[in-house]
Amino acid sequence: MSTVDRNFELRQLLKAYRKGLISDEIFEEQLRDLESGESGETSPSSAPTPPARQWHSQGKLFSSEQSLLRHFLDELRAGESFGGEIFQRWQEVASHPGLRGTLRAISGREAMHGRILAARLREIGGTETACLPASFAEATQARLASTRISDVEKLREVLSRLPNAEAATAPLREVIDQIEDDLESRLLLELIVADEASTIDCLHRCAVLMGIAEAAPADETP
Numbered sequence: 016m017s018t019v020d021r022n023f024e025l026r027q028l029l030k031a032y033r034k035g036l037i038s039d040e041i042f043e044e045q046l047r048d049l050e051s052g053e054s055g056e057t058s059p060s061s062a063p064t065p066p067a068r069q070w071h072s073q074g075k076l077f078s079s080e081q082s083l084l085r086h087f088l089d090e091l092r093a094g095e096s097f098g099g100e101i102f103q104r105w106q107e108v109a110s111h112p113g114l115r116g117t118l119r120a121i122s123g124r125e126a127m128h129g130r131i132l133a134a135r136l137r138e139i140g141g142t143e144t145a146c147l148p149a150s151f152a153e154a155t156q157a158r159l160a161s162t163r164i165s166d167v168e169k170l171r172e173v174l175s176r177l178p179n180a181e182a183a184t185a186p187l188r189e190v191i192d193q194i195e196d197d198l199e200s201r202l203l204l205e206l207i208v209a210d211e212a213s214t215i216d217c218l219h220r221c222a223v224l225m226g227i228a229e230a231a232p233a234d235e236t237p
């Protein structure tokens with residue numbers, strides 16, 4: 016590799032690292048590769064080193080399946096635990112009986128996900144460090160736990176963020192598709208995907224029950 020090419024790759028590597036697109040492990044690994052190339056050009060007979068595999072989640076890169084899972088399980092744990100808390104707060108002030116029952120079931124399931132994810136995270140050597148941005152958590156709690164905002168308005172707002180199960184579970188399925196070794200974590204995430212799809216379906220059913228959405232047409236059989 017020429018000096019010009021090497022300098023260009025180094026600049027690109029630093030740019031990706033500063034933007035948080037690659038982890039510390041990948042940055043150090045690729046930096047070592049560049050530095051080893053500075054000691055001299057490889058001979059024509061030397062076989063090129065194949066690029067190291069990278070794992071990814073929502074734009075972030077990881078050097079191993081386990082580093083991906085430690086990051087993702089922690090992020091998901093934080094979100095699910097918050098979901099358990101906030102849906103419970105909403106359930107406590109909800110006026111529609113059908114919605115209250117739905118929120119009670121959802122809050123219990125989200126809280127359970129948080130506990131199971133925390134346990135699995137510890138089993139694979141991770142630690143619970145992730146948390147939602149305080150501004151988001153406080154704003155969400157202020158709205159969903161409010162007695163001055165109607166259930167209809169709250170439900171419309173939540174469903175605007177969760178239009179369908181496919182979009183909502185895309186980050187989970189992105190990670191699941193990359194898991195080859197840790198089957199325990201893979202199956203756990205697959206079950207959570209099914210639960211999340213059920214949650215979204217139940218909320219949409221509540222919207223129909225409360226008269227703020229139309230029921231989906233039944234499938235036509237030939």
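So my numbering is basically just the index in the sequence shown, starting at one, shifted up by 15.
We put the CB at the ideal spot given by N, CA and C, even for glycine.
His111, DSSP secondary structure in three states: Within the sequence shown, numbered from 1, the residue matching residue 111 stands at position 96. The three-state reading of DSSP puts His111 in coil, since its state is none of H, G, I, E or B.
Beta-carbon spacing of Ser122, Gly99 below 8 Å: Here residue 122 refers to the residue found at position 107 when the sequence shown is read from its first residue. Here residue 99 refers to the residue found at position 84 when the sequence shown is read from its first residue. Contact flag set, yes.
What first and last residue would you give for the beta strand (DSSP E) that runs through Ser175? For the purposes of this step, residue 175 is taken as the residue at position 160 of the sequence shown. Counted as a single uninterrupted DSSP element, the stretch harbouring Ser175 is not any beta strand (DSSP E) but the alpha helix (DSSP H) occupying residues Asp166 to Arg176.
Residues near Leu224 by beta carbon distance below 6 Å, same chain, minus five either side: Within the sequence shown, residue 224 is the residue found at index 209, counting from 1. Hits under 6 Å: Gly113.
Per DSSP, what are the beta-bridge partners of Phe151 in this structure? Here residue 151 corresponds to residue number 136 of the sequence shown, with the count starting at 1. Partner(s): none; Phe151 has no beta bridge.
Along the chain, where does the beta strand (DSSP E) containing Ser72 start, and where does it finish? To locate residue 72, count along the sequence shown from 1; it is residue 57. Segment Trp70 to Ser72, the beta strand (DSSP E) holding Ser72.
Should Leu136 go down as buried or exposed, given a rule of 16 or more other Cβ atoms within 10 Å for buried? Position 121 of the sequence shown, counted from the first residue, corresponds to residue 136. Buried, by the Cβ-count rule.
Do you know offhand how far Arg176's Cα is from Thr214's? Within the sequence shown, residue 176 is the residue found at index 161, counting from 1. Within the sequence shown, residue 214 is the residue found at index 199, counting from 1. Rounded to whole angstroms, Arg176 to Thr214 spans 13 Å at the Cα level.
Which residue wins for smallest C-alpha separation from Trp105, given the options Leu159, Cys217 and Glu43? Position 90 of the sequence shown holds residue 105. Comparing Cα-Cα distances from Trp105 to each of Leu159, Cys217 and Glu43, the minimum goes to Leu159.
Any Cβ of chain D within less than 8 Å of the Cβ of Ala154? The structure shown contains no chain D; it holds only a single protein chain.
Could you tell me which of Glu181, Ile191 and Val190 sits nearest to Ala212, measuring between CA atoms? For the purposes of this step, residue 212 is taken as the residue at position 197 of the sequence shown. Closest option to Ala212, Cα to Cα, is Glu181.
Taking the alpha carbon of Val208 as the reference point, which residue from Glu195, Asn179 and Arg163 has its own alpha carbon closest? Along the sequence shown, one-based indexing puts residue 208 at 193. Checking every option, the nearest Cα to that of Val208 belongs to Asn179.
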